[in-house]
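Novice:
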């Protein structure tokens, strides 16, 4: 029992310290953009808080691959910029039309649709600047691989393609295969990029990259299942975003398709499969294994 308690305490300390590192790096990443309203809009969403799971996954994967996590910080920041861009754009009236994000009015509600779109564009392009121009001490060939990975996740093969299918499926009957296509290309694609790019910075071999891909696919779908469940069972105040919006938009969700209990079971099974993929790396994988459990046990 003492060992379990110590393990939980160790993970909580790791989360707290790594999140602090990420927050400081994010704050430092935005320079004197002009005009000022663009900078304000970028900072408004990028520094709005959140669990910072994605950059933490990147840094943990770099460590697992035997790298120095500080070398992956610019890439971790880039990933959070891409994630923030996707949130700004998804919240727009032409997309998911949401008024609340991380407990505050969405970007377009504060700055207007046009500035919100441009702030998202600026964050996306700054992400590639972070990797290519602000990553001292990293082998250029590794950085090139990271840029390629992020290009895939941010474009039609990833976030954009997934969002298009998601929008097209609103109000329609959707089977499990289509639902999982959407989420493997949205939530899952970015989580896959998190772990793969962190490991790439450290020079991971193909065996580890494949194991991390399997891990990310599992936690990516599990993350979305828990999101769908919380959308029905939690409050807007606790979630920091509008609860019940998927129901209002007539979107197919895991609980709608599978039922609540079967959805919970599927999330558990996916996380177990994810953890099994990286178990061969033993104690070095402890934080990634704890992060997988953290994703399914969260309440917001």
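Numbering (the working numbering), first residue to last: 4 to 303.
All residues carry an ideal CB built from backbone N, CA and C; glycine is no exception.
Please specify which runs of the alpha helix (DSSP H), each continuous and at least 4 residues long, are wholly inside the segment 20–103, giving them in chain order.
Specialist: Runs of the alpha helix (DSSP H) inside the segment 20–103: 39–49, 56–67, 76–93.
Novice: Please name the residue, chosen from 255, 188, 85, 259, that lies closest to residue 127 on a Cα-to-Cα basis.
Specialist: Nearest of 255, 188, 85, 259 to residue 127, Cα basis: 85.
Novice: Should residue 226 go down as buried or exposed, given a rule of 16 or more other Cβ atoms within 10 Å for buried?
Specialist: Buried, by the Cβ-count rule.
Novice: Please confirm whether residue 305 and residue 277 have their CB atoms less than 9 Å apart.
Specialist: Only positions 4 to 303 of the chain appear in this structure, which leaves residue 305 out of reach.
Novice: Helix, strand or coil for residue 129 per DSSP?
Specialist: Residue 129 falls in the helix class under three-state DSSP.
Novice: I'd like to know if the segment 148–166 and the segment 193–206 are in contact, where contact means that at least 3 CB-CB pairs between them fall below 8 Å.
Specialist: Touching, yes.
Novice: My output table needs one value for residue 7: the three-state DSSP class, helix, strand or coil.
Specialist: Residue placement at residue 7 cannot be trusted, given a pLDDT of 42 that sits under 50; what the coordinates show is reported in the next sentence. Of the three classes helix, strand and coil, the one that applies to residue 7 here is helix, per DSSP.
Novice: Buried or exposed for residue 142, going by 16 or more other Cβ atoms inside 10 Å?
Specialist: Its Cβ having fewer than 16 others within 10 Å, residue 142 is exposed.
Novice: Sort 52, 171, 230, 138 by Cα distance to residue 204 and report the nearest one.
Specialist: For residue 204, the nearest C-alpha among the options comes from 138.
Novice: How far does the alpha helix (DSSP H) with residue 143 in it reach, from first residue to last?
Specialist: Residue 143 -> alpha helix (DSSP H) spans 143–157.
Novice: From 158, 178, 69, 179, pick the residue whose C-alpha is nearest to that of residue 189; which is it?
Specialist: The option with the nearest alpha carbon to residue 189 is 158.
Novice: What separation, rounded to the nearest whole angstrom, lies between the Cα atoms of residue 8 and residue 299?
Specialist: In this predicted model, residue 8 has a pLDDT of only 38, less than 50, meaning its place in the structure is not dependable; the value taken from the coordinates is given anyway. If you take the alpha carbons of residue 8 and residue 299, they lie about 19 Å apart.
Novice: What are the boundary residues of the alpha helix (DSSP H) that includes residue 266?
Specialist: Start and end: 263–281.
Novice: Tell me which same chain residues have a C-beta within less than 7 Å of the C-beta of residue 22, skipping the five on either side of it?
Specialist: Excluding positions up to five away in sequence, the list reads 55, 59.
Novice: How about the segment 104–116 and the segment 165–185: do they share at least three Cβ pairs that are nearer than 8 Å?
Specialist: Contact between the segment 104–116 and the segment 165–185 is absent, because fewer than three Cβ pairs lie under 8 Å.
Novice: Quick one: grab the DSSP three-state call for residue 137.
Specialist: The answer is coil: DSSP assigns residue 137 none of H, G, I, E or B.
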